[in-house]
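The structure appears below as structure tokens.
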Ligand code: ATP
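Numbering (the working numbering), first residue to last: 14 to 238.
If you want it as structure tokens, here you go:
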């Protein structure tokens, strides 16, 4: 997976597109990525959501979904024709060969769609790329700045349980299955502490927005014309 992703920046350079300044937003499950992205969006910042793109490339009618059905059989579809993502996750979890096959199919498509989505925002001073698996997939070099949400394990669990109506055991398993927050924080250029209320979060986003505008401006000034 990581081998293929290494070529992603080259793809961007080769495309000859003018790229806006890219701020990658990452954080653990229920850390507040969607909430933070919505606050940036309210300030007019374009949002590119990696999860949305990953779903788009396997939507009904796509060649990728047809390939997946040919490979795994019709059983991989839900009754409504959508990909059964949890079944697929199960299938590739313990099978390196299948996981590699799927990565080879999907990663170039995801890269292509992400590049297109980013290039389409070339008039924006900067954009927010919401990428939960930034560190797991070793994509840090693709962003100009990395913003990580930090939240205490207690608060993360409490918000996850409340939002998804699940019990503490399942919530703990979900949190533990992810990269540790320490690893994510070690890659951060900026950190949002999401331990206060929404007004506190909005104030942090507002400050960061002005900071990123300034960073993007000076990066643009350094670019050769
Ligand atoms: P996922 O990893 O599952 O995509 P996420 O990182 O996008 O989750 P959110 O859905 O934004 O996280 O937030 C998780 C829950 O916590 C939501 O119910 C959200 O409303 C709530 N929440 C986030 N930040 C705050 C806050 N500062 N105050 C109160 N509630 C919050």
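Here a beta-carbon is modelled for each residue, glycine too, at the ideal position from N, C-alpha and C.
- Shown here for residue 46: same chain residues with a beta carbon closer than 7 Å to its own, the five before and five after excluded, namely 38, 40, 143, 145 and 162 in chain order.
- Taking 8 Å as the cut-off, the beta carbon of residue 185 is found closer than this to the beta carbon of residue 170.
- Fewer than three beta-carbon pairs drawn from the stretch 126–134 and the stretch 78–89 are found closer than 8 Å, and the two stretches are therefore not classed as touching.
- With a threshold of 7 Å, the Cβ atom of residue 179 does not count as near the ligand ATP, since no heavy atom of the ligand is closer than that.
- According to the DSSP secondary-structure assignment, residue 163 is paired through a beta bridge with 206.
- The C-beta of residue 223 has fewer than 16 other C-beta atoms within 10 Å across all chains shown, which makes the residue exposed.
- Residue 218: member of the alpha helix (DSSP H) spanning 211–235, first to last residue.
- Between the alpha carbons of residue 53 and residue 65 lies a distance of about 17 Å.
- Between residue 173 and residue 139, the alpha-carbon positions lie close to 30 Å from each other.
- Sequence-distant Cβ neighbours of residue 77 in its own chain, meaning closer than 8 Å and more than five residues away, are 70, 71, 118, 119 and 122.
- Your pair residue 157 and residue 34 checks out as a contact, with CB atoms roughly 5 Å apart and the cut at 8 Å.
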